[in-house]
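From first to last, the protein sequence lines are chains S and W. Going by our numbering, 55 is the number at position 55 of the first sequence; the sequence numbering is gapless. Going by our numbering, 391 is the number at position 60 of the second sequence; the sequence numbering is gapless. Think of the CB as a built atom: it goes at the ideal place given N, C-alpha and C, for glycine as much as any other residue. Quantities reported herein were computed from a predicted structural model and do not represent experimental measurements.
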Amino acid sequence: MAAMAHPTEHGHGGHAHSNEHGHAARGGTPRPRVAVVKFASCDGCQLTILDLEDLLLELSEHFEIVDFPEASSARSNGPYDVLFVEGSVSTPDHLRRIGELRKQARVLVTIGACATSGGIQALRNWADHDAYRAAVYPTPEFVESLARATPIAEHVPVDFELRGCPISPDQLVELLTALVTGRRPQLRDEAVCMECKRRGVVCVMSAQGIACLGQVTQTGCGAICPRMGRGCYGCFGPREQANAAGLARYLQASGERSAEEVGQLFAGFTAYSEPFRSTITDLGGTRGARRTGGAGHVAGGAYPPPGGAATGRASYLPGRPRMEGIDDDGR
Amino acid sequence: MMTIEVTRPERTTTAGRWYLERAGLDALVAALREDGRTVIGPTVADGAVVLAEIHSSAEMPHAVGDVQGPGRYRLTKRDDARVFGYVVGPTSWKRWVFPPDVELSTGRRTGHRVEFAPTASHPTKLAFVGVRACELAAFGVQDRVLDAGPFRDADYAARRESAFVVAVQCTTAELTCFCTSMGTGPEVEHGFDIALTELDEGFLLDVGSPAGQELVDGKLASALRPATPVEVYTAAADVAATRARIGDPLPTAGLHDRLLAQLDNPRWAQVAERCITCGNCTLACPTCFCTSVIQKTDMEGIAATNERAWDSCFSPGFARVAGGSFRSRPRDRYRQWLTHKFGTWWDQFGTTGCVGCGRCITWCPVGIDVREELMAIAPPVALSPEPIRVEPVAASFNDFVVAQVVATRQETADTVTLTLAGADPAFSKGNLGQFAMVAIPGFPPLPISISRFTVDGIELTIRGAGPATKAMTALKVGDQLGLRGPLGNNWPIERAVGRDLVIVSGGIGLAPLRPVIHALAADRRRFGDVRLYYGARTPADILYREEMERWASRGGIEVHLTVDRAGPEWEGRVGVVTQLFDQATWEGANAIAFVCGPERMMQATANTLAGRGVTPTRIFVTLERHMECGIGLCGHCQMGKYFVCRDGPVFSLLQLGDTFGREGI
Ligand SMILES: Cc1cc2nc3c(=O)[nH]c(=O)nc-3n(C[C@H](O)[C@H](O)[C@H](O)COP(=O)(O)OP(=O)(O)OC[C@H]3O[C@@H](n4cnc5c(N)ncnc54)[C@H](O)[C@@H]3O)c2cc1C
Ligand code: SF4
Ligand code: SF4
Ligand code: SF4
Ligand code: SF4
Ligand code: SF4
Ligand code: FES
């Protein structure tokens, strides 16, 4: 525990919690208390933790897992040494709870696209919130939700981020190892392309003309999509200084794609992270927004989609009575 | 343009030249495999001709062609049965001679003890089938970078040594090819064991080495017959037609100087609007050699593995040091790429860094063409730079030698001096201002200056700036750590003999200067006036306080101190270190200056010193750059034409010229 890395990234003071709750592990050293909490999300990232299977046993030698909704119903209260937060802030209750939790957590780690950039539910941020809600729920008046689904870092300081939808198990293990051994986690902040090249994947953009966001997306997934012959759709979110505007210009100029189509490419799990966010807005907002907002409609949110004809295709909505994770009450 | 000697074989003679039928290619692959080699050759996968292990010639492309342009690659169908009817694809042979991921070493930390074990490289015997002229030239470039000294990559050398090379003459070319401009092709002329030129029904086969001859006389003999004059003539004509087809798309005369004169060209910012800084160009390039090392550890923090992976000057963290990245803007990174490949590579290795293969053009997802940028930024003229002289010295790449902490001294709240004993005897021959790569298993090895030489070891003064340095400052007597060094050059103290010496330093920057002061004090009469100007954040952050008093009282050194923020007990000066010069009365004409501190402080100091008449040839600074290997192999620490680790870290202002303090170099 003494060796546990102190977060330095955001200058967050942290809390010097004594570890009276920790059970003595080997040699009597108290194990760091770890918890997972969930906001608006699909639980996929928590499942990644459970999927570690064999490693979980080893992990539990080093960490005391005190709260993990997917794994057990046991509930504990803070303080926590490491708090993993899954999901975006989507309801007034989330908003209240996240501030509380931050105070309880020495190291706060956001996991997954929802927590780090708002997730798929943040697509509603381009739309008229009430219209959207009416389209999704039979009795919208009972659904309490905020006009925008937002990443955790918009509300409280975050010490580490694990990107992805879902997160990468390797990065999770690396972070935990670094925390317990006291070194800096080695999470690369380069483009997905670098992983393509190291693995010898033939670039789908150059060789097949498939639009690929790998250049502007942070690595970590091992370039899964290009390995499967498809373009990256940015689920790990924008990387440092991502030149999304440059890529968008190229995709339009190289033909075959309208501004709107290019905008849609960025409108995935991490749409609400800059610079994807402004690129989408510049290129005409999301389709979902258009559908619910209607032609030329200006939504009440902070990111009104510019006017223009509705496409009539709402790729995120039809036949889905309830979108995964949207407006989840946090359990 | 290449400095490698080229001897053109007589192209029209039939003597010693053979004809191999297309079906006979399989005999070649089989013979190489029987020789215990892993055969790498072209094969079609995922819409491209890639290089991969092949087991028979049936896996090689048949009747496949390609079309390439900026950001674009498509396979086509040929109406003949050619096996090599396309040009270079996305893979380069670099993948086999300098693999993307390599385990370098392992380390263990048990209690006080640390152990390091370099991972032995046992590359399998290789054979490369289908190596083009530009790719042979790329081997030549890599040999200079990785295998010509002063330091060598033994793994690379072993792989290169083991590889049997079957070269192929280019009888087709794409828009992206510019080997003719770089002097690297399309003719295959040397550096192969066997060379093939593809004809309609088979191949003209040339022998280029004793190993090639052995194969031709042995296992391949039954598949060969002597070539006819018509076959020899057709082969030569086809290659000549390829040269004509490529033309000379990039006038390269004087490119080095043209380019380096354009560091402020506005086009750098313009191309950065298009460049995504994805790094594809550098990883696709057959000669880019930059790498980073990452540590993998177990949860106990006992066992660690160091793995080296391809990296790129386009990566965000590549040039990061305390205080930020030296190439924070995309334009800086693009400029590094282009000026390195076509400019400073000459200064570093006496050769071009580009062989004109065109991969960076085809595999730039947004189609940026280096030739277009070069012509826009550095339009044609003339001059050819002198290659640098490299003196080979023996040194290990990943051997850390264990040393033990025998004393620790808390210098300030966050800074500790470790006294190490049992260090590699090489350190006893170390010079003032050199540094060591210091490793604790599980943490990245870091460059740390040697702050004192002792009888059987060294001292390091380390500020706990981050996790690794904090782990080092937490070491106790009896703990071990790993050292590699001494590395880098040294303060030119011999030039200070008979002169006044001005030492200016800030913060932890005093550490590399401490051995200089010790050396001066031991031989004080040989030097004129010696003045130390030192700035710290607060009085509590002043390093070597007691020692400093001794330097002043008994060492005959004038010590001037200043702090940024003073406490109530401080009666000395407050302000930046250059303000200390305000009251000084000395003249700089006979002085020499050694400066170490944050880069901005060094610039300000250099200006002040110059204002006092110290000439740029006698102002020396030590640069801090991100370092991983410390021996000029990983690429991280480059500053213009210099590798700071190998050519520095001490430089005179004259050497640095206008690159010193320039943003983004
Ligand atoms: C030639 C040279 C001599 C040095 N001598 C000393 C010395 O005598 N005493 C001393 O305390 N420090 C010295 N340093 C600086 C020292 O290497 C860094 O402070 C150290 O790397 C920080 O690493 P960390 O992992 O503890 O911290 P981190 O928190 O990981 O990094 C702290 C800062 O150091 C930078 N850094 C990380 N790794 C490297 C690296 N491999 N090379 C350069 N910078 C890096 C980071 O970008 C970051 O800004 C020297 C650096 C160089 C280049
Ligand atoms: S496929 Fe996508 S991620 Fe891979 S190199 Fe090409 S652009 Fe980059
Ligand atoms: S390639 Fe892109 S979309 Fe696919 S998993 Fe990786 S980051 Fe996500
Ligand atoms: S710079 Fe481009 S053209 Fe030159 S060798 Fe590298 S990849 Fe080939
Ligand atoms: S610094 Fe030079 S060798 Fe390294 S990646 Fe950049 S261009 Fe290539
Ligand atoms: S030049 Fe092209 S390949 Fe190279 S970093 Fe820029 S966008 Fe990527
Ligand atoms: S080249 Fe590796 S540190 Fe200088």
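In this structure valine 66 of chain S is in contact with arginine 33 of chain S, their Cβ atoms being roughly 5 Å apart against a cut-off of 8 Å. Around the beta-carbon of aspartate 831 of chain W, 16 or more other beta-carbon atoms lie within 10 Å, marking it buried. Alanine 935 of chain W places its beta carbon 8 Å or farther from that of isoleucine 950 of chain W.
As the crow flies, the alpha-carbon of leucine 467 of chain W is around 8 Å from that of phenylalanine 523 of chain W. DSSP places serine 782 of chain W within a strand segment (E or B) once states are collapsed to three. For phenylalanine 63 of chain S, same chain residues with a beta-carbon under 6 Å away, outside a window of 5 residues either side, are Arg31, Pro32 and Val34 in chain order. For aspartate 730 of chain W, the CB contacts under 6 Å within the same chain, skipping 5 residues up- and downstream, are Pro449 in chain order. Under a 10 Å Cβ-count criterion, threonine 682 of chain W is classified as buried, with 16 or more other Cβ atoms of the shown protein chains found around its own Cβ.
CA-to-CA, the gap between glycine 461 of chain W and glutamine 121 of chain S works out to about 51 Å. With a cutoff of 7 Å, histidine 957 of chain W counts as near ligand 1, since its C-beta is closer than that to a heavy atom of the ligand. DSSP places asparagine 596 of chain W outside both helix and strand once states are collapsed to three, so it counts as coil. The segment 959-972 of chain W and the segment 800-810 of chain W do not touch, with fewer than three beta-carbon pairs separated by less than 8 Å.
For threonine 622 of chain W, the secondary structure class from DSSP, reduced to helix, strand or coil, is strand. One Cα belongs to glycine 988 of chain W, the other to alanine 488 of chain W, and the distance between them is close to 35 Å. Its Cα nearest to that of arginine 439 of chain W, the residue W/Phe447 stands out among W/Thr893, W/Arg931 and W/Phe447. In the DSSP assignment, glutamate 64 of chain S falls outside any alpha helix (DSSP H) and within the unbroken beta strand (DSSP E) covering 64-67. Segment contact: the segment 870-889 of chain W against the segment 814-827 of chain W, fewer than three CB-CB distances shorter than 8 Å; contact not assigned. Here the alpha carbons of glycine 866 of chain W and arginine 876 of chain W stand approximately 12 Å from one another. Distance check between alanine 469 of chain W and each of W/Val519, W/Val861 and W/Ala451 places W/Val519 closest, using alpha-carbon atoms only.
Screening all residues for a C-beta within a distance smaller than 7 Å of any heavy atom in ligand 2 leaves S/Ala191, S/Val192, S/Cys193, S/Cys196, S/Lys197, S/Val201, S/Cys203, S/Val204, S/Met205, S/Ser206, S/Cys212, S/Gly214, S/Gln215, S/Ala223, S/Pro226, S/Gly231, S/Cys232, W/Cys609, W/Asn611 and W/Pro696, in chain order.
The beta-carbon of lysine 103 of chain S is placed no less than 8 Å from the nearest beta-carbon of chain W.
One finds nothing in chain W with a Cβ atom closer than 7 Å to the Cβ of tyrosine 233 of chain S; even the nearest lies about 15 Å away. The count of Cβ pairs closer than 8 Å, one atom from the segment 403-416 of chain W and one from the segment 214-234 of chain S, stays below three, leaving the stretches out of contact. For methionine 228 of chain S, not one C-beta of chain W is nearer than 8 Å to its own C-beta. With a threshold of 8 Å between beta carbons, valine 697 of chain W makes contact with chain S. Annotation: tyrosine 864 of chain W has no Cβ neighbours in chain S at a cutoff of 7 Å; minimum Cβ distance is about 31 Å. Chain-ordered, the chain S residues with CB closer than 8 Å to the CB of tryptophan 694 of chain W read Cys203 and Ser206. The segment 527-571 of chain W contains, as complete beta strand (DSSP E) runs of 3+ residues, the segments 533-538 and 555-557 (chain order).
Contact annotation, threonine 746 of chain W with threonine 437 of chain W: C-beta distance approximately 30 Å; criterion of less than 8 Å not satisfied. Around the beta-carbon of serine 145 of chain S, 16 or more other beta-carbon atoms lie within 10 Å, marking it buried.
Residue pairing for tyrosine 350 of chain W: DSSP places it in a beta bridge opposite W/Leu535 and W/Arg556. Of all residues in the segment 769-792 of chain W, only Gly773 and Phe774 place a beta-carbon less than 7 Å from a beta-carbon of chain S. The DSSP assignment places complete beta strand (DSSP E) segments of no fewer than 3 residues inside the segment 437-512 of chain W at 444-449, 457-462 and 495-499, in order along the chain. Glycine 234 of chain S has its CB nearer than 7 Å to a heavy atom of ligand 3.
Looking at the DSSP output, tyrosine 864 of chain W bridges to W/Val835 and W/His891. In summary, no residue of the segment 517-550 of chain W has a CB separated from any CB of chain S by less than 8 Å.
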